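Worksheet: the structure to be examined is printed underneath.
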Amino acid sequence: MAEKYNGVYIIAADTGNGNVKTVSTCTPTSVSKHNSKPLTTTNVIEYNGSYYVIGQGHKEVVSDKTQDEDYYILTMFCIAKELARDNVTEASVLIAAGLPVTWYGNQSESYRNYLKQNKEVTFSLDDVTYKVEIKDAVILPQGYAAIIENLKDMKGDNMLADIGNGTINILRVRNGMVIEASFKTELMGVNECVKEILKYLKDRTHTDVDEYVALEFIKTGQSSISEKYVDEMKRIVEIYCGKVLKVLARYGYNRDFMKLYICGGGARVMKRFCPAVANDERVIMLTNICATARGYELMTLKMLRDQYEKK
Numbered sequence: 051m052a053e054k055y056n057g058v059y060i061i062a063a064d065t066g067n068g069n070v071k072t073v074s075t076c077t078p079t080s081v082s083k084h085n086s087k088p089l090t091t092t093n094v095i096e097y098n099g100s101y102y103v104i105g106q107g108h109k110e111v112v113s114d115k116t117q118d119e120d121y122y123i124l125t126m127f128c129i130a131k132e133l134a135r136d137n138v139t140e141a142s143v144l145i146a147a148g149l150p151v152t153w154y155g156n157q158s159e160s161y162r163n164y165l166k167q168n169k170e171v172t173f174s175l176d177d178v179t180y181k182v183e184i185k186d187a188v189i190l191p192q193g194y195a196a197i198i199e200n201l202k203d204m205k206g207d208n209m210l211a212d213i214g215n216g217t218i219n220i221l222r223v224r225n226g227m228v229i230e231a232s233f234k235t236e237l238m239g240v241n242e243c244v245k246e247i248l249k250y251l252k253d254r255t256h257t258d259v260d261e262y263v264a265l266e267f268i269k270t271g272q273s274s275i276s277e278k279y280v281d282e283m284k285r286i287v288e289i290y291c292g293k294v295l296k297v298l299a300r301y302g303y304n305r306d307f308m309k310l311y312i313c314g315g316g317a318r319v320m321k322r323f324c325p326a327v328a329n330d331e332r333v334i335m336l337t338n339i340c341a342t343a344r345g346y347e348l349m350t351l352k353m354l355r356d357q358y359e360k361k
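In terms of the working numbering, the sequence shown opens at residue 51 and continues consecutively.
See below:
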């Protein structure tokens, strides 16, 4: 059930390159625009006379979410998904969204304006029409949002690695306090591993293999393709995990002196393919893929309550 404050729904939209998440849903991030009604009837947004099919692939990494309409459509998708859970089709909404930590300072205002470009918006999801008043948009830093519920337990020195599809967001936390100077973003998300697997399969088979093959293996550790390719695919993922650890070491990670928190979709990859990390009691895996969206929601609620108390 979506959170409300003074009658306004707070809708968290974690629109990553790999998946678009709300506090309760997760869908692959892709937007395919059609001029006529598509054959598929699931996850179809109708807006301004066009149809948008959501979730049949992934977006390439972009450094500016405002460069096209995709992230606006994905945010409308998030709003509809959460309102549908409450059987609501007309609502006032405050959007809680985010950006990678090192893009946050320069892009948060432009992204906020992008998301609130229409004060009132009418659209449909799967033939259900929604009429929404956008009260405002709050832009928050990724990574930090994912650990908002864990801060009280983060004693001493800690590092967070939020491993998404396109980026790794890194920050340090000391005794529950975030060290803002430690915010880093690396363009080395799980999609790098997907591309390496697809390159290997193409080199071996001289065939363009659908990315689903790589994603299935990374997510489950199993594959429906021939066994003769699996060992090398496993090795590629293990190499990627090693690269992630080297990046963290470059930013100061040392297990003897700090705990490591890993979140985002990459947490499951590290847990499955990197036993040295998965079996380390000083590494905490936050495998709830909707944790960042929940963090956006909680941070926005706190902000609203703090503002009310100051009045």
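All residues carry an ideal CB built from backbone N, CA and C; glycine is no exception.
These figures come from a predicted structure and were not determined experimentally.
Our two residues, Met349 and Met320, have alpha carbons roughly 27 Å apart in a direct line. Secondary structure within the segment 249-333: the beta strand (DSSP E) runs of 3 or more consecutive residues, fully enclosed, are 309-313 (chain order). Following the DSSP letters along the chain, one finds Met209 inside the beta strand (DSSP E) bounded by residues 207-213.
A Cβ-Cβ distance of about 5 Å is found for the pair Arg332 and Arg305, placing them in contact under the 8 Å criterion. Non-local C-beta neighbours of Ala341 in its own chain, meaning closer than 7 Å and more than five positions away in sequence, comprise Ala196, Cys313, ordered along the chain. Contact between the segment 102-113 and the segment 60-72 is present: three or more C-beta pairs spanning the two stretches fall below 8 Å. Less than 8 Å divides the Cβ of Leu175 from the Cβ of Phe127. Here the segment 218-237 makes contact with the segment 187-201; the two share three or more CB pairs at distances below 8 Å.
The Cβ neighbour count for Glu236, taken over all protein chains shown within 10 Å, is at least 16; the residue is labelled buried. Contact annotation: Ile220 and Tyr301 have beta-carbon atoms nearer than 8 Å. According to the DSSP secondary-structure assignment, Phe173 is paired through a beta bridge with Tyr180.
At the C-beta level, Ile286 and Ile334 stay beyond 8 Å of one another. Note on geometry: alpha-carbon atoms of Val171 and Thr179 lie some 11 Å from one another. Listed as beta-bridge partners of Leu190 by DSSP are Gly148. If you draw a straight line from the Cα of Ala264 to the Cα of Gln357, it comes to about 46 Å. By the CB criterion at 8 Å, Met283 and Phe307 fall outside the cutoff. Shown here for Tyr290: same chain residues with a beta carbon closer than 6 Å to its own, the five before and five after excluded, namely Cys243 in chain order. Inclusion of Ser74 and Arg162 in the CB contact set at 8 Å is not warranted, their separation being larger than that value. Annotation for Glu132: the continuous alpha helix (DSSP H) segment containing it runs 120-135.
The residues Phe173, Ser174, in chain order, have a CB closer than 7 Å to that of Glu96 in the same chain once the five nearest residues on each side in sequence are set aside.
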